[in-house]
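Before any comments, here is the structure.
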Amino acid sequence: MELYKRDKFFEVKKMTNSFKVKLGTTKIKILNQNMEALTVKLSEKDPREISKAVPIGDVAGGRYYNRLDHFSWKYANTPPKDSKIST
C-alpha cells in the first residue's frame, strides 16, 4: 500500500485500486496506524468481552447535546401504525 499526500487528502494506492481519504490527521505515521487498524479481525467472542469490559450504562456523558433533546424520538408525536392520519 502506498500513501501520497495531496492537498488535504491522502491518496491510497493498493495494487490496481486507488482511492482518496480525507481524514483529520496530517501525519503519514498516524494514517498508517489507522489503516493498520482496519486489518484487525475480531472473533465472535471478542465483541462480548469488549461489552463486558465497558458496560453501556457506565459510559460517561449523554449521547446528544442537551439543546438537541427536542429532536429525540422520545418527543416525537408519530401517529400509530394503524392510524387513518396521512403523513
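Heads up: the sequence shown begins at 1 in full-length UniProt numbering, then just goes up one per residue.
Even glycine gets a Cβ: it sits at the ideal position worked out from N, Cα and C.
Express the C-alpha separation of residue j and residue i in angstroms, rounding to a whole number.
i, j, result
"Asp46", "Ala53", "11 Å"
"Asn34", "Asn66", "31 Å"
"Gly57", "Arg48", "15 Å"
"Ser18", "Asn32", "At Ser18 the pLDDT is 48, less than 50, meaning the model places this residue with poor confidence; the figure from the coordinates comes in the next sentence. The alpha-carbon atoms of Ser18 and Asn32 are separated by roughly 16 Å."
"Ser43", "Ser51", "14 Å"
"Ile28", "Ala37", "14 Å"
Let's see if you can read the secondary structure: which residues bound the alpha helix (DSSP H) around residue i?
i, result
"Ala53", "45-53"
"Ala37", "28-37"
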